[in-house]
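For reference, the structure is listed below as C-alpha cells.
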C-alpha cells in the first residue's frame with residue numbers, strides 16, 4: 040500500500056476576469072485590459088499590463104481612461120467567469136480528494152504525494168493542467184497550512200508554482216512579507232500589531248501566542264498557529280449553512296427618487312427570494328440598508344410573524360424597513376436587503392394568524408417556472424419598471440453573488 | 006435643594022428607575038434621573054425615555070430645602086453602591102450637585118431640572134385593581150411570547166383586556182400565543198368610560214412593572230388613558246407608558262374549536278424531558294418530534310452533524326397516537342413560567358394544528374407546530 044504525505048494547497052487564478060475574457064478573445068492577450076463593474080462605472084479587474092500603466096482596482100472608468108487611454112475596457116460577464124471557475128473546480132476535484140471552493144478564482148485543496156514525492160512537481164503539474172485544459176493562468180502554492188499556502192501563492196504570482204515545506208525557506212518567506220499580506224490582517228489590526236513591533240509575517244509567528252490572542256482575539260490566534268505550521272483552519276469541501284442571505288449593491292447612478300428606490304427594493308427582493316428558494320430556507324428577519332452620497336446610512340429592520348420566502352409577505356415587511364432607512368432628498372448610492380433568522384423550509388413554524396394562501400403559493404410557483412423556462416426576470420414585478428435600463432443590460436443579469444457554493448464572497 | 010437621604014432607601018429607588026433611563030438618547034438629559042425632594046408630598050425619583058416613565062417614592066429623606074436636581078445615572082449609581090454611609094447629604098450648589106458622606110464628598114455637574122420632561126402621575130378616578138401576585142404572574146407568563154420587531158401587527162407588547170371582574174393579558178409573536186386571565190375589580194366604574202380598542206402595553210414597561218412589584222405588595226391600580234397611555238400605580242411607584250401603536254391580531258380565532266386528544270402532565274418532568282430532547286438540535290434542525298402514544302410521550306430529535314436522541318416520559322395518555330413537531334424553545338419558554346409541581350393539560354388535534362396547553366389557574370398557551378418534511 041502506498042503511503043502518502045499531505046499538505047495544503049492554494050490555487051489562485053491570475054487576474055481571473057481578464058484571463059477569462061482572453062480565453063474567448065485571443066485579441067486581448069498581451070494588451071492592457073480592464074473589466075468594468077457597477078454598470079460600467081469602475082474597473083473591478085485589470086491585466087498586469089494595465090496595472091503597469093497605474094490603474095488600480097476600483098478606480099472610476101474616467102480616471103482609468105486618463106491613465107491608460109489605450110486600454111481595452113470590457114463589461115463583466117459573471118456567467119462566463121463561472122463556467123471557467125467550475126471547469127477549474129472540476130479539474131481540482133480530480134486532482135485532490137478535498138477541495139474548498141473558496142471564491143470564484145481561488146481554491147484550497149489537500150495536496151498529497153507518495154512518501155518521498157515532490158510537492159513542487161505537484162504544484163507545477165496542477166498549474167500546467169489548468170492552463171492546458173481551461174487556458175486560464177493560475178498560481179499554485181503548497182505549504183503546511185492554508186495561511187502559509189496562500190502567502191506562498193501570492194509570492195509566486197503570476198503563473199507560478201511553489202511548494203515550501205522546508206522550515207528554513209518558510210522562515211525566509213515569512214520574514215520577507217509584511218503582516219498585512221495575511222488575509223484578515225489590515226488597517227486597525229495591523230496598527231495594533233505595529234505597537235508591538237510586529238511588522239512582518241515572521242514577527243507575528245514569533246510573537247507570544249497570548250499576546251496575539253489579546254490583540255487579535257481567537258481568529259488572530261488561529262492565524263498564529265497557521266503561520267507556525269500547525270493547521271488550524273480546515274478545508275471546507277461544502278459551504279457551511281448560511282446564517283444570513285443578502286442581495287443588493289451599488290445603484291451605479293445615484294437616486295433620491297422614492298419610486299426608483301422602491302424599484303431597487305423590489306429588484307433586490309426578487310433576487311433574494313431566488314436565493315432563499317435555492318437554499319430551501321425562509322427568512323425570519325429582514326433588514327434594508329441604504330447608504331447615501333453624503334455618508335449617511337439608513338437601516339430598517341423587522342421580523343416576520345412567520346418566516347417566509349413569499350414575495351407578498353416579504354414585500355409587506357420590507358416596505359416599512361425602506362421607510363425607516365430612507366433619507367428624503369438625499370441621493371442614495373447603494374442598497375442591501377438582508378435575510379436573517381433563516382429557517383429550513385422543511386421545518387418551518389406554521390403561523391397562528393397568516394395561514395398559507397394557496398393562490399399566492401401557486402403564483403410564486405408560476406413565476407418561478409416561467410423564469411426558469413424563459414430566462415431570469417422575464418416575469419417580474421411591475422414595480423421594477425423604473426429600472427428598465429438595468430434589466431436591459433445583460434451584464435446585470437448575473438452577479439458575483441449568484442455564483443453559488445463559494446465560501447467567500 | 007438640600008436633603009439628608011437614607012442611602013439604602015435612595016439606592017433601592019434608584020435601582021428601580023434607572024432601567025427606564027436610556028443609555029443613549031438624542032436628548033441627553035433623559036440619560037439622567039430627576040430627584041424631587043418635598044417635605045409635604047414626599048420625595049420622588051423620576052426617569053423617562055418619553056415612551057415609558059416612572060415616578061418612584063424615596064423613603065428616608067429629611068428635607069432641609071425642597072427642590073429638584075438632575076442626577077447623572079452612572080456616577081450617582083456608583084456612589085450609592087460603593088458608599089458605606091447610612092446617610093448621604095445631597096444638595097445643589099452653584100449648578101453643581103454636592104453629595105457628602107462622613108468621609109467622602111463628590112461634586113458633579115448637573116442639568117437644569119426644569120428641562121426634564123414631565124412624567125405623568127396617576128390621576129385616574131376610575132381604574133382596575135388587581136393583586137400584585139396575579140399581575141406579576143400575568144406579565145411573566147405572557148410577555149415572553151411577544152415580538153418587539155414585528156411591523157405587521159402590534160406584537161411588541163401584551164394586549165390587556167378588562168372586564169368588571171377580570172383582567173386578561175395576551176402575548177403573541179404569531180407562532181405561539183400566551184393568555185392569562187386573573188380576577189380584578191373596578192374602582193368607580195361610572196367615573197370614566199371603559200377603554201376601547203386593543204391596548205397593547207410594551208414589553209419594556211411590563212418588565213419595569215414586574216421589577217417594581219413584589220408578591221406581598223398591596224393591590225396594583227391600572228388605568229388606560231385616552232386609549233393611548235397606560236398608568237399603573239404600585240405601592241411605591243407610578244409607571245406610565247405609551248401603548249404600542251398598530252393592530253393586535255384577532256387572537257380569539259387561534260383557539261381550536263374542537264379537541265381530539267387530551268392528556269394531563271406534571272410540568273416539571275415535561276420541562277426536563279423537553280430540555281433533554283432539545284440538546285440534540287441545531288440551527289438547521291430545530292424540531293423535536295413529540296410522539297404521543299398510550300402511556301408514553303416519546304420526544305425524538307435528529308440533527309445532521311449533531312446526532313440523535315429520544316427521551317421517553319410516562320404519561321396517562323389514552324387517545325389515538327399523535328405525532329407533532331415543535332420548536333422545543335417555544336415549550337420551555339412557557340413551561341419555565343409554571344410551577345414544576347403543577348399540572349398542564351395538553352389538547353391536540355394533529356400534526357398541522359395548534360396544540361393547546363392549559364393550567365388550572367386560567368393560563369392558556371397555544372403553539373403552532375413545525376412543518377414535517379424531513
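Residue numbers (our numbering), protein chains in the order written: chain A, 40 to 448; chain B, 6 to 379. Ideal placement from N, C-alpha and C gives every residue a C-beta, glycine not left out.
Next item on the list: Look at the alpha carbon of residue 93 of chain A and the alpha carbon of residue 289 of chain A, and state the distance between them as a whole number of angstroms.
Entry: 25 Å
Margin query: Under 7 Å, CB to CB, which of the residues in the segment 329–352 of chain A have a partner in chain B?
Written below: 340, 341, 342, 344, 345
Margin query: Which residues of the segment 353–366 of chain A have a Cβ closer than 7 Å to any Cβ of chain B? Give them in chain order.
Written below: 355, 356, 359
Note to self: Quick check on residue 245 of chain B: does DSSP put it in helix, strand or coil?
What the structure shows: strand
Next item on the list: Confirm, please, whether the CB-CB distance from residue 192 of chain A to residue 49 of chain A is below 8 Å.
Entry: yes
Next item on the list: Give the C-beta separation of residue 284 of chain A and residue 316 of chain A to the nearest angstrom, bearing in mind that I take them to be a contact with Cβ-Cβ under 8 Å.
Entry: Going by Cβ atoms, the distance from residue 284 of chain A to residue 316 of chain A rounds to 11 Å, so no, they are not a contact pair.
Next item on the list: Work out the CA separation of residue 265 of chain A and residue 338 of chain B for me, nearest whole Å.
Entry: 42 Å
Next item on the list: With 8 Å as the limit, tell me which residues of the segment 388–399 of chain A have their beta carbon closer than that to any beta carbon of chain B; keep them in chain order.
Entry: 388, 389, 390, 391, 392, 393
Margin query: On the DSSP letters alone, give me the boundaries of the alpha helix (DSSP H) that residue 158 of chain A sits inside.
Written below: 158–173
Check: Quick one: complete beta strand (DSSP E) runs, 3+ long, within the segment 410–438 of chain A?
Finding: none
Note to self: As a quick exercise: from A/86, A/275, A/171, A/435, pick the residue whose alpha carbon is nearest that of residue 116 of chain A.
What the structure shows: A/435
Checklist line | Cutoff 8 Å: residue 376 of chain B Cβ touching any chain A Cβ | finding: yes
Item checked: Secondary structure of residue 267 of chain B, DSSP reduced to three states -> strand
Margin query: At the 8 Å Cβ level, is residue 286 of chain B part of the contact set with chain A, yes or no?
Written below: no
Notebook entry, point to check: Is any beta-carbon of chain D found at less than 8 Å from that of residue 314 of chain A?
Noted result: Structure shown: chain D not included; protein chains present are A and B.
Note to self: Just verifying my parser: in three-state terms, what is the DSSP assignment at residue 191 of chain A?
What the structure shows: helix
Item checked: residue 308 of chain B (DSSP reduced to helix, strand or coil) -> strand
Item checked: Alpha-carbon spacing of residue 357 of chain A relative to residue 259 of chain A, whole angstroms -> 37 Å
Margin query: Quick test of the definition: if touching needs 3 or more C-beta pairs under 8 Å, does the segment 100–113 of chain B touch the segment 127–144 of chain B?
Written below: no
Margin query: Less than 8 Å between CB atoms is the rule here; does residue 177 of chain B satisfy it with respect to chain A?
Written below: yes
Notebook entry, point to check: Which of the three DSSP states, helix, strand or coil, is assigned to residue 203 of chain A?
Noted result: coil
Notebook entry, point to check: Do residue 262 of chain A and residue 210 of chain A have their C-beta atoms within less than 8 Å of each other?
Noted result: no
Margin query: With the cut-off set at 8 Å, would you say residue 297 of chain B and residue 335 of chain B are in Cβ contact?
Written below: no
Next item on the list: Give the single residue among B/233, B/230, B/218, B/242 whose Cα lies nearest to the Cα of residue 136 of chain B.
Entry: B/218
Margin query: Which residue wins for smallest C-alpha separation from residue 448 of chain A, given the options A/337, A/294, A/278?
Written below: A/278
Note to self: Distance cutoff 8 Å, beta carbons only. Does residue 270 of chain A sit that close to anything in chain B?
What the structure shows: no
Check: Is it the case that the Cβ atoms of residue 63 of chain B and residue 44 of chain B are separated by a distance below 8 Å?
Finding: no
Margin query: Can you tell me whether residue 108 of chain B is helix, strand or coil according to DSSP?
Written below: coil
Notebook entry, point to check: residue 139 of chain A touches chain B at which residues, Cβ-Cβ below 8 Å?
Noted result: Going along chain B, no residue has its Cβ under 8 Å from residue 139 of chain A, so there is no contact; the nearest lies around 17 Å.
Notebook entry, point to check: What's the C-alpha gap between residue 19 of chain B and residue 306 of chain B?
Noted result: 47 Å
Next item on the list: Using 10 angstroms around the beta-carbon of residue 170 of chain A, count the other beta-carbons present and answer buried if the total reaches 16, otherwise exposed.
Entry: exposed
Note to self: Give me the chain B residues within the contact set of residue 386 of chain A, using Cβ-Cβ distance strictly less than 8 Å, ordered along the chain.
What the structure shows: 290, 291, 292, 330, 375, 376, 377, 378, 379
Next item on the list: Determine the chain A residues that contact residue 388 of chain B at a beta-carbon separation under 9 Å, and present them in chain order.
Entry: Nothing can be reported for residue 388 of chain B, as the shown portion of chain B is limited to 6 through 379.
Check: With burial defined as no fewer than 16 other Cβ atoms inside 10 Å of the residue's Cβ, what is the status of residue 144 of chain A: buried or exposed?
Finding: buried
Next item on the list: For residue 170 of chain B, I'd like the list of residues in its chain whose CB is within less than 8 Å of its CB, leaving aside the five on either flank, ordered along the chain.
Entry: 188, 189, 190
Next item on the list: Give me the Cα-Cα distance between residue 99 of chain B and residue 343 of chain A, rounded to the nearest whole angstrom.
Entry: 53 Å
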